[in-house]
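**Q**
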DNA sequence: GCCGTTTTCGGCCCGACTGTTTTCAGTCG
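Here you go:
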C-alpha cells in the first residue's frame with residue numbers, strides 16, 4: 137500500500153499537468169483541494185479506502201476516490217500516466233519560477249514549443265518571449281532573473297528535505313547486526329539550513345558486509361564508488377550521499393572529522409598543533425606522537441584543553457576561542473521550549489480545529505499555544521476580520537476552561553500593509569494575548585521602504601513580535617530587500633521580539649541574524665507557524681537554527697513559563 | 001471535479017498587484 141504522501145504528490149502532479157494542458161480552472165482546483173484534504177487527514181487513508189469511505193471526505197467524490205484508490209494500490213493511476221505522456225515533465229520546473237503559473241507555462245509550450253528551463257532561458261535571451269501576448273521586455277527580464285535565482289537555490293537542498301531521509305538511512309543501518317554505532321555527520325548534523333549531500337558515519341569491526349547491505353538499500357538510485365571503507369551513492373531523489381564505515385576505536389574521531397565544518401577543523405587543528413597535538417580522520421596524536429584513545433567527542437575537545445563545542449557551533453565563528461576561555465553559550469534545546477507562539481487553525485487556512493491544535497500542543501508537554509490565524513487582508517486564506525476574530529477569542533476563552541494545566545493564547549497574525557500599518561484596528565489588537573505581525577504582500581519594495589514599513593509595524597505598541605522577518609522560502613524565494621540590522625536595532629528599541637520561524641522551508645530569521653539579534657539584546661520567539669497538528673513537531677528545526685545563532689534559553693520568549701511570558705507581554 | 005435549506009445545473013474563498021493593456025489576464029497569498 138502506497139504512502140499517503142505519494143497520494144498527495146500524485147494529486148498535485150495531476151493538478152499541475154492539467155493546468156499546463158489548459159484544463160478548466162475548477163477542475164484543477166478540485167485536485168489541489170483533494171491533495172490538501174488528504175495531507176491534513178488525521179485518520180488512516182488506507183483504512184478509509186478499505187472501508188470504501190474515501191468519498192465521504194470533503195471535496196472528494198466518486199472520480200477522485202477512484203483515483204486515490206488507484207494510487208494507493210498501484211502507485212499511480214491512468215489519468216496521471218496519460219498526462220505524463222502528454223505533458224513534458226520539464227514544464228513542471230517552470231512552475232517553480234516566481235511570476236510564472238500554469239497558464240503561462242501552457243502558452244510557452246504551445247506557442248513556442250518550450251519544454252524545459254533551458255529552452256525558456258534561451259528563448260528569453262533571444263528576445264522571443266516578447267512576441268507572446270501579455271509578454272513584454274520587462275517580463276522577459278524577470279523570467280531570466282527568476283531562472284538565475286532558481287538555479288542558485290537548487291545547488292543546495294533545504295535541511296527539511298534531507299534530514300528525515302538521513303534519519304531513515306541511519307535507522308536502516310543501525311538495524312544491521314554488524315553495525316555498532318551510526319550517525320549522520322556533515323552539515324545536516326550541524327543543522328545548517330541547506331546541504332549538498334548526506335554524510336553518514338558508522339562503526340563496525342568488519343566494514344564489508346555493512347557496505348554491501350547499504351549498497352542494496354531501495355532508496356539508492358546508483359552506487360558511484362565503492363571502496364574498503366566508503367560507499368558513494370546517489371539517492372533516487374538525486375541527492376549525493378557518502379557512507380564511511382570505520383573500526384569502532386576510530387568512530388568518534390571519524391564522526392568529528394566528517395561533521396566539519398572545514399573552517400572549524402582548520403582552526404581546531406591550528407590550536408592543536410600549537411600544543412603539539414595532531415588530529416586526523418582516525419586518531420588524535422599527542423605531543424609524544426602516540427594516539428590518545430577517544431571515547432566521545434567531549435574527550436577530543438577535553439584532551440585539547442577545550443570545552444565541548446556542539447556541532448551547531450562548529451563554523452569557525454569564534455567557537456574555539458570561546459571554548460578555550462569557557463565562555464561558550466549554554467545553548468537552548470528542545471527541552472527548554474514551553475510553548476509555541478505562532479499557529480493557525482481551520483478558522484483560516486489551518487487544517488485543524490482550535491481544540492485539536494490545543495490537544496496536540498498539550499500532548500507535546502507545552503504549557504501554552506498561541507493561536508495566530510491570518511488577519512483579513514489575507515483574503516485567500518480566509519483572514520479574520522474584527523468580528524470573526526472576537527468570536528474566535530470567545531471560543532478560545534471557553535476552550536481554556538476545559539484545558540487543565542494548559543492555555544491557548546488568543547492572538548493574530550496581522551498583515552503589515554505596504555505603508556507599515558496593520559490590517560486590524562488597535563482597539564481589537566488590544567483585546568488579544570499576543571500580536572504577531574508579518575509581511576505577506578508587496579515583496580518587491582526597495583530596501584529603505586520595506587525596512588521603514590516593518591519598523592513602523594514594530595512601533596505599534598500592540599505588536600509583540602515580527603514573524604518570518606525576511607520572507608524567504610528556502611529553495612523557492614529569496615528574502616525581500618530589508619536592512620536586518622536596522623530591524624534588529626528597532627526591535628531592541630521597541631521591545632519587539634523577532635521570530636525564528638521553525639518551518640524548514642523558512643528558517644527565518646536565519647542563524648547569523650539570530651546571533652546578531654541576541655547580541656543586541658532582542659528577544660527571539662522560536663515558532664512553527666503550524667498549519668497542521670504535525671507541524672508543531674517542526675520546532676526542532678527552529679531550535680537547531682537558534683543554536684547555530686548561539687541562542688540561550690534566556691533569549692527565547694517561548695522558553696519562558698506561562699506566567700513569566702504573560703508578564704513579559706504585559707498581559708496577566 | 002465537487003456539491004446542494006440557492007439541490008441535478010451552475011456555481012465554486014477574493015482582493016491587490018504586475019505588466020501588459022486601454023479594459024484585462026495572470027499570479028500570488
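Residue numbers (the working numbering): 137 to 708.
Beta carbons: idealized from backbone N, C-alpha and C, even for Gly.
#1: Between the Cα of residue 222 and the Cα atoms of 271, 382, 246, which residue gives the shortest distance?
#2: Counting along the chain, where does the beta strand (DSSP E) carrying residue 551 start and finish?
#3: Taking 8 Å as the cut-off, decide whether the C-beta atoms of residue 309 and residue 338 are in contact.
#4: How should residue 364 be labelled, buried or exposed, when 16 other C-beta atoms within 10 angstroms of its C-beta is the threshold for buried?
#5: DSSP three-state call for residue 409: helix, strand or coil?
#6: According to DSSP, which residues form a beta bridge with residue 475?
#7: Can you give me the Cβ contacts of residue 564 inside the same chain, cut-off strictly under 6 Å, excluding the 5 residues immediately before and after it?
#8: Using three-state DSSP, classify residue 389 as helix, strand or coil.
#9: Using CA atoms only, rank isn't needed, just tell me which of 444, 544, 157 is closest to residue 492.
#10: Would you list, in sequence order, the uninterrupted alpha helix (DSSP H) runs of no fewer than 4 residues that lie entirely inside the region 338-362?
#11: Straight-line CA distance for residue 649 to residue 642?
#12: Suppose you measure from the CA of residue 413 to the CA of residue 461; what does that come to, to the nearest Å?
#13: Can you have a look at residue 161 and say buried or exposed, based on whether 16 or more other CB atoms are within 10 angstroms of its CB?
#14: Grouping DSSP H, G and I as helix and E and B as strand, with all else coil, what is residue 154?
#15: Would you report the Cα separation of residue 675 and residue 662, rounded to the nearest angstrom?
#16: Look at residue 352 and residue 369 and say whether their C-beta atoms are less than 8 Å apart.
#17: Using the Cα positions of residue 454 and residue 634, report the straight-line distance between them to the nearest angstrom.
#18: Mind checking whether residue 458 and residue 467 have CB atoms under 8 Å apart?
#19: If you follow the beta strand (DSSP E) that residue 380 is part of, which residue opens it and which one closes it?
#20: With DSSP run on the structure shown, which of helix, strand or coil describes residue 278?
#21: So the alpha helix (DSSP H) residue 371 belongs to, where does it begin and stop?
#22: Out of 315, 520, 319, point me to the one whose CA is closest to residue 433's CA.
#23: What residues are listed by DSSP as bridge partners for residue 319?
#24: Taking residue 451 as the reference, give the member of 567, 427, 397 with the closest Cα.
#25: Let's test the definition: count the other Cβ atoms within 10 Å of the Cβ of residue 409 and tell me whether it reaches 16, buried, or not, exposed.
#26: I believe residue 576 touches residue 596 by the beta-carbon criterion, under 8 Å. Please report the beta-carbon distance rounded to the nearest angstrom.
#27: What do you get for residue 303, buried or exposed, if any count of 16 or more other CB atoms within 10 angstroms of its CB means buried?
#28: What span of residues does the beta strand (DSSP E) with residue 694 cover, start to end?
#29: Since I believe residue 362 is in contact with residue 347 (beta carbons under 8 Å), could you give me their beta-carbon distance rounded to a whole number of angstroms?
#30: Quick one: give me the first and last residue of the alpha helix (DSSP H) that residue 460 is part of.
#31: Which first and last residues belong to the beta strand (DSSP E) in which residue 635 is found?
#32: Quick one: measure Cβ to Cβ for residue 238 and residue 231, integer angstroms, because I've assumed they're closer than 8 Å.
#33: Taking the alpha-carbon positions, what's the residue 580 to residue 286 distance?
#34: State the start and end residues of the unbroken beta strand (DSSP E) segment that holds residue 660.
#35: Residue 631 to residue 622, Cα distance in whole Å?
#36: Can you give the Cα-Cα distance for residue 153 and residue 418, rounded to whole angstroms?
**A** Checking against the coordinates, here is how it stands:
#1: Here residue 222 is taken as the residue at index 86 of the first chain, counted from 1. With distances taken between Cα atoms, residue 222 lies closest to 246.
#2: In the first chain, residue 551 corresponds to position 415, counting from 1. First-last of the beta strand (DSSP E) with residue 551: 543-551.
#3: In the first chain, counting from the first residue as 1, residue 309 sits at position 173. In the first chain, counting from the first residue as 1, residue 338 sits at position 202. Yes.
#4: Locating residue 364 in the first chain gives position 228, where the first residue counts as 1. Classification of residue 364: exposed, given that the 10 Å Cβ count is below 16.
#5: Residue numbering aside, residue 409 sits at position 273 when the first chain is read from its first letter. Residue 409: helix per DSSP, three-state reduction.
#6: Along the first chain, one-based indexing puts residue 475 at 339. Residue 475 is bridged to 504.
#7: Looking up residue 564 in the first chain gives position 428. Around residue 564: 522.
#8: As a first step, residue 389 is located in the first chain; it is residue number 253 there, counting from the start. In this structure, residue 389 counts as helix in the three-state DSSP scheme.
#9: Within the first chain, residue 492 is the residue found at index 356, counting from 1. Comparing Cα-Cα distances from residue 492 to each of 444, 544, 157, the minimum goes to 544.
#10: 343-351
#11: In the first chain, counting from the first residue as 1, residue 649 sits at position 513. In the first chain, counting from the first residue as 1, residue 642 sits at position 506. C-alpha separation (whole angstroms): 13 Å.
#12: For the purposes of this step, residue 413 is identified with residue 277 of the first chain, where counting begins at 1. For the purposes of this step, residue 461 is identified with residue 325 of the first chain, where counting begins at 1. When rounded, the distance between both Cα atoms is 19 Å.
#13: Along the first chain, read from residue 1 onward, the residue named residue 161 stands at position 25. By the 10 Å Cβ count, residue 161 comes out exposed.
#14: Within the first chain, residue 154 is the residue found at index 18, counting from 1. Helix, per DSSP.
#15: Counted from its first residue, the first chain places residue 675 at position 539. Counted from its first residue, the first chain places residue 662 at position 526. Approximately 7 Å, taken between the alpha carbons.
#16: Counting from 1 along the first chain, the entry for residue 352 is found at position 216. Counting from 1 along the first chain, the entry for residue 369 is found at position 233. Not a contact, by the Cβ cut-off of 8 Å.
#17: Indexing the first chain from 1 puts residue 454 at position 318. Indexing the first chain from 1 puts residue 634 at position 498. Straight-line Cα distance between these residues: approximately 24 Å.
#18: In the first chain, residue 458 corresponds to position 322, counting from 1. In the first chain, residue 467 corresponds to position 331, counting from 1. Not in contact: residue 458 and residue 467 (Cβ atoms no closer than 8 Å).
#19: Start at 1 with the first residue of the first chain, and residue 380 comes out as number 244. Start and end: 376-382.
#20: Translated into positions along the first chain, residue 278 becomes position 142. It is helical.
#21: Looking up residue 371 in the first chain gives position 235. First-last for residue 371: 366-371, but that is the beta strand (DSSP E), not the alpha helix (DSSP H).
#22: Within the first chain, the letter at position 297 stands for residue 433. Considering only alpha carbons, the answer is 319.
#23: Stepping through the first chain from its first residue, residue 319 is reached at position 183. Residue 319 pairs with 337.
#24: Locating residue 451 in the first chain gives position 315, counting from the first residue. When each option's Cα is compared against that of residue 451, the closest is 397.
#25: Translated into the one-based positions of the first chain, residue 409 becomes position 273. That one is exposed.
#26: Walking along the first chain from the start, residue 576 turns up at place 440. Walking along the first chain from the start, residue 596 turns up at place 460. Residue 576 to residue 596, Cβ: 17 Å. No contact.
#27: Start at 1 with the first residue of the first chain, and residue 303 comes out as number 167. Its Cβ having fewer than 16 others within 10 Å, residue 303 is exposed.
#28: Counted from its first residue, the first chain places residue 694 at position 558. No beta strand (DSSP E) holds residue 694; DSSP gives it neither H nor E.
#29: For the purposes of this step, residue 347 is identified with residue 211 of the first chain, where counting begins at 1. For the purposes of this step, residue 362 is identified with residue 226 of the first chain, where counting begins at 1. 7 Å between Cβ atoms; contact.
#30: For this step, residue 460 is matched to residue 324 along the first chain. Element bounds for residue 460: 455-461.
#31: For the purposes of this step, residue 635 is identified with residue 499 of the first chain, where counting begins at 1. Where residue 635 is concerned, the enclosing beta strand (DSSP E) stretches over 633-637.
#32: The residue labelled residue 238 in the question sits at position 102 within the first chain. The residue labelled residue 231 in the question sits at position 95 within the first chain. Contact holds; Cβ gap of about 7 Å.
#33: Position 444 of the first chain, counted from the first residue, corresponds to residue 580. Position 150 of the first chain, counted from the first residue, corresponds to residue 286. Computed Cα separation, rounded: 17 Å.
#34: Here residue 660 refers to the residue found at position 524 when the first chain is read from its first residue. Counting along the chain, the beta strand (DSSP E) containing residue 660 begins and ends at 660-663.
#35: Against the first chain, residue 631 aligns to sequence position 495. Against the first chain, residue 622 aligns to sequence position 486. About 14 Å.
#36: Position 17 of the first chain, counted from the first residue, corresponds to residue 153. Position 282 of the first chain, counted from the first residue, corresponds to residue 418. Answer to the nearest angstrom: the Cα atoms are 51 Å apart.
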